[in-house]
Ligand SMILES: C[S@@+](CC[C@H](N)C(=O)[O-])C[C@H]1O[C@@H](n2cnc3c(N)ncnc32)[C@H](O)[C@@H]1O
C-alpha cells in the first residue's frame, strides 16, 4: 500500500489533464481506449437515492459521474496529491462528493452502508484482491453491486519483464498468476499491480460470497492507433486488454 501511495503521489501531476477532461464528460467512457458507457453499462442510469462508493478514486471523475446520476457519493483514495486534484475539480463543478484520504483495503467506513461500489483501475488493480474485495463486500448492503474494471490477465501475461509494451507472445506463466511488480522494470517503473487467473477470480468471488452478474472483455476499437497504458492498438484489437466484473452481494 505504501509503495503504491508514494508512486501515485509522485505521479499525480501527470493525471490532472485527463481528470479535467473526464470531469467535463456528461456521458462516461471507460478504460484506456474510452469504451462508451452505452456499450458497457457500468453505472445504473438513475442513481437517485443510492449510496455509492468509489475505491481508489484518483482525480474523482467516476465519483462525479455517479453524483450527476443522483447518487450520494463517497470516494476514497490513498494519495493526497490525487485527492487535491479531486477536491479542486469538485469545487469547480459544484459537486457535493465526500472525498476521504484512506486505504481501500480497510476504509474504516461502517458495515453495509452502500448500495453500489465501483473501481476503475483503483483498488481493482492496486490492492490485493482477497483484501479489498472482502472490504467491498463488508461495505455493501445485501442486494448491493460491485463493478470493477482493470487490466485483462492476458495483457499482463503478454508484457515483457522489462515493462515494454505487450506483444503477441506469452512472456509470463498463467498458472499461479497474481499480477506484476512494476517497481524495478527498465521501462516506466511504477507500483505493484494485482490480478488473478479467470478461475482464480471466480474462486475468490465464490469464497467471499459475491455472485457474478456479468463479465466483459474489452478490445480496442477498429480505428485505434498508437499505444495506451503499455498496450499497442494492434495487440488490443485482437486480444482483450481490459476486463470488467459485475458482482452482486445476495440479499
Ligand atoms: C489510475 S488511478 C484510478 C482512478 C481513475 N479511475 C483513473 O483511471 O485515473 C489509481 C488510483 O488508485 C489509488 N490507490 C492505489 N492504492 C490504493 C489503496 N490501497 N487505497 C486507495 N487508493 C489507492 C491511487 O492513489 C490512484 O489515485
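Numbering (UniProt numbering), first residue to last: 1 to 251.
Just so it is clear, CB atoms sit at the ideal spot from N, CA and C, and this is done for glycine as well.
Out of 156, 75, 188, the CA that lies nearest to the CA of residue 122 is found in 75. The Cβ neighbour count for residue 153, taken over all protein chains shown within 10 Å, is at least 16; the residue is labelled buried. In the displayed model, residue 82 falls within a helix according to three-state DSSP. Taking C-beta atoms as the reference points, residue 193 and residue 245 fail to come closer than 8 Å. Unbroken beta strand (DSSP E) stretches of 3 residues or longer found wholly inside the segment 207-239: 211-218, given in chain order. Residue 62 has its Cβ nearer than 7 Å to a heavy atom of ligand 1. Listed in chain order, the non-local C-beta contacts of residue 4 below 6 Å within the same chain comprise 126, 191, local neighbours out to five positions each way being set aside. Between residue 117 and residue 231, the CB-CB gap reaches or exceeds 8 Å. The Cβ-Cβ distance between residue 20 and residue 28 does not fall below 8 Å. Counting only runs of 4+ residues, the alpha helix (DSSP H) found wholly inside the segment 36-124 occupies 37-40, 61-68, 80-93, in chain order.
A Cβ-Cβ distance of about 6 Å is found for the pair residue 139 and residue 53, placing them in contact under the 8 Å criterion. Put simply, the segment 154-171 touches the segment 182-189. At least three CB pairs are less than 8 Å apart. Taking a 10 Å sphere around the C-beta of residue 46, we find fewer than 16 other C-beta atoms and assign the residue as exposed. At least one heavy atom of ligand 1 lies less than 7 Å from the C-beta of residue 76. Per DSSP, the unbroken alpha helix (DSSP H) holding residue 19 starts and ends at 16-24. Of the other Cβ atoms in all chains shown, fewer than 16 fall within 10 Å of the Cβ of residue 18; this residue is therefore exposed. For residue 7, the enclosing alpha helix (DSSP H) begins and ends at 2-11. Relative to residue 200, the option among 225, 218, 174 whose CA is nearest is 174. Minimum Cα-Cα distance from residue 8 among the listed residues 227, 48, 56 corresponds to 56. For residue 13, same chain residues with a beta-carbon under 7 Å away, outside a window of 5 residues either side, do not exist. Going by DSSP, residue 245 is part of the beta strand (DSSP E) stretching over 242-248. Counting along the chain, no alpha helix (DSSP H) covers residue 192; the unbroken beta strand (DSSP E) around it starts and ends at 192-194. By the Cβ test, the segment 217-237 is not in contact with the segment 127-137, since fewer than three Cβ pairs between them sit closer than 8 Å. By the 16-neighbour rule on beta-carbons within 10 angstroms, residue 31 is buried. By the Cβ neighbour-count rule, residue 40 is buried, with 16 or more other Cβ atoms within 10 Å of its own. Between residue 1 and residue 78, the C-beta spacing is below 8 Å.
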